[in-house]
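Note sheet for the following structure.
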Ligand code: NDP
Ligand code: 2IT
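Numbering (my numbering), first residue to last: 26 to 472.
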């Protein structure tokens, strides 16, 4: 396999899908050598079958808003690969959603899920519907219309969706409820469910906590203590807020958060009371991050329209908002400001140019498919609990999450350590994630 030839061919066949091509290119260029050590892979044209999703469902979602107007959105589910387990991955509701973005996410999910060591294939779904500014009833009607189309394609051993951007506990509850009504079954077909109906303790916290655990493993390779380290976080949703919570517990100083309208800079660090305010602001009032600066004018500065990377002096960056939110300039600014580690809560937040900068500077750099895998891993634990009709304690789930993140770190070290000792986590995560899926695909024949 020549990575460049496969990529060129995919570009020709899918010319309007830049995010998908970007994700494929990152993986193929790092696994090329390993792949070519196995001529049997090429005989089975494994690479093309691994890059192109098994199937894509796309459909119109029609719903009625509070004013009685009929609205139409697009809905999708990409079932990418189920070689190692049922399709598994989140659902994203955001105005930017399109097929290219969901294809990149489903592709990434396949490798991420493989890294968790649990039996989960890769999928992703979503809609260009945005819950922002919609009433609860509108969100409910939309979720029901979305599942009315999708329910036949998902199931506890077929395809198990969960949350992502714009989809949290509220949306999962509405979608799961409608799924249950249509399928006439009470099974673990969604993860991220409410605790009263099959959800797992620690699932809401898991992506952010898991990213912090991964970061601790990375810092340990250089004997660095997290206490007192200044951390810039982007986003202020599920992943960002629980990352901040765990960082405060660990004694780090969280100096920024953001949303799509701008970012806040908190030179002395976000306090526990401020973080409580942010949780309430985001989850109850569904407000904006700018309101934190209004509430704490002496402590917080707001930068409208800006991402956190330029104006914040930080030791560590944990991008936790969206794809391509750190470009080459942002990466250079972070490095110039003394950043020693980047651990990605979001999926593909760094552009290829930014990744090049981080690797060239030989800082600790963890790609999302390793660092944010704690979320889906805990979804896997939720599936296991649902199958057994049992609930584990928060301590049990947290201990398993820590162990899984340590395992992922170990796999990255094993497959990504370069001759000079530098751990290339991009290569490590891609090679480790790929090999398990590849072996499973080989064993199952051409499908
Ligand atoms: P949320 O919807 O809870 O939060 C998303 C946050 O990112 C919000 O602050 C939002 O701001 C901001 N954001 C979204 N889109 C953009 C954009 N285009 N530009 C700038 N800011 C943006 O989502 P999550 O916290 O769940 O997800 C965040 C990231 O983490 C995503 O990349 C997701 O794929 C990834 N992830 C999530 C997991 C999970 O379990 N939830 C697991 C693994 C990865 P605003 O309110 O203004 O839109
Ligand atoms: O990107 C991700 O890993 C998620 N949004 C979580 C997926 C899941 O199935 O828990």
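Here a beta-carbon is modelled for each residue, glycine too, at the ideal position from N, C-alpha and C. Fair warning: this is a prediction, and the values are worked out from it, not measured in the lab.
Between the alpha carbons of residue 452 and residue 439 lies a gap of roughly 10 Å.
Here the C-alpha atom of residue 182 lies approximately 21 Å from the C-alpha atom of residue 189. Put simply, of 437, 28, 456 the residue whose alpha carbon is nearest the alpha carbon of residue 243 is 437. Non-local beta-carbon contacts of residue 215 in its own chain, meaning distances under 6 Å to residues more than five positions away in sequence, involve 186, 197, 201 in chain order. Separation of residue 310 and residue 218 (C-alpha to C-alpha, rounded to the nearest whole angstrom) is 21 Å.
Counting only runs of at least 3 residues, the segment 256-304 fully encloses the following beta strand (DSSP E) elements, listed from N- to C-terminal order: 278-284, 287-290.
Residue nearest to residue 380 within the set 356, 461, 363 is 356 (criterion: CA-CA distance). DSSP assignment within the segment 141-195 yields the following whole alpha helix (DSSP H) runs of 4 residues or more, N-terminal first: 161-175.
The beta carbon of residue 450 lies closer than 7 Å to those of 390, 391, 392, 395, 437, 441 in the same chain, with the five residues before and after it left out. Around the Cβ of residue 211, a 10 Å sphere holds fewer than 16 other Cβ atoms; the residue is exposed. Counting only the Cα atoms, residue 97 lies some 44 Å from residue 428. When DSSP states are grouped into helix, strand and coil, residue 104 belongs to the strand group.
C-alpha of residue 88 to C-alpha of residue 169: approximately 9 Å in a straight line.
Residue 81 has 103 as its beta-bridge partners, per DSSP. If you look at residue 116, you'll find it in the beta strand (DSSP E) that goes 112-118. Per DSSP, the beta-bridge partners of residue 366 are 341, 389. Residue pairing by DSSP places residue 327 opposite 289 in a beta bridge. The three-state reading of DSSP puts residue 96 in strand, counting E and B together. In the DSSP assignment, residue 88 forms a beta bridge with 96. In this structure, residue 425 has its CB at a distance of at least 7 Å from all heavy atoms of ligand 2. Residue 322 and residue 235 have their C-alpha atoms spaced approximately 32 Å apart. Here the alpha carbons of residue 157 and residue 174 stand approximately 22 Å from one another. Residue 160 counts as exposed, since fewer than 16 other C-beta atoms from the protein chains shown sit within 10 angstroms of its C-beta. When secondary structure is reduced to three states using DSSP, residue 314 falls in the coil class, being assigned neither helix nor strand. Residue 125 carries a helical assignment under DSSP once its states are collapsed to helix, strand and coil.
In this structure, the CA atom of residue 106 is about 28 Å from the CA atom of residue 237. Between the alpha carbons of residue 131 and residue 103 lies a distance of about 6 Å.
Annotation for residue 421: the continuous alpha helix (DSSP H) segment containing it runs 419-441. Put simply, the segment 402-414 does not touch the segment 246-253. Fewer than three CB pairs are less than 8 Å apart. Here the distance from the Cβ of residue 232 to the nearest heavy atom of ligand 1 is below 7 Å. Cα atoms of residue 134 and residue 146: separation of roughly 8 Å, rounded to the nearest angstrom. Only residues of its own chain outside the window of five on either side were considered, and among them 449 have a CB closer than 7 Å to the CB of residue 443, listed in chain order. Looking at 127, 279, 313, 49, the one whose alpha-carbon comes closest to that of residue 81 is 127. Taking the C-beta atoms as reference points, residue 294 is found no nearer than 8 Å to residue 317.
Each residue's CA atom was taken as its position, placing residue 193 and residue 263 some 8 Å apart. The Cβ neighbour count for residue 129, taken over all protein chains shown within 10 Å, is at least 16; the residue is labelled buried.
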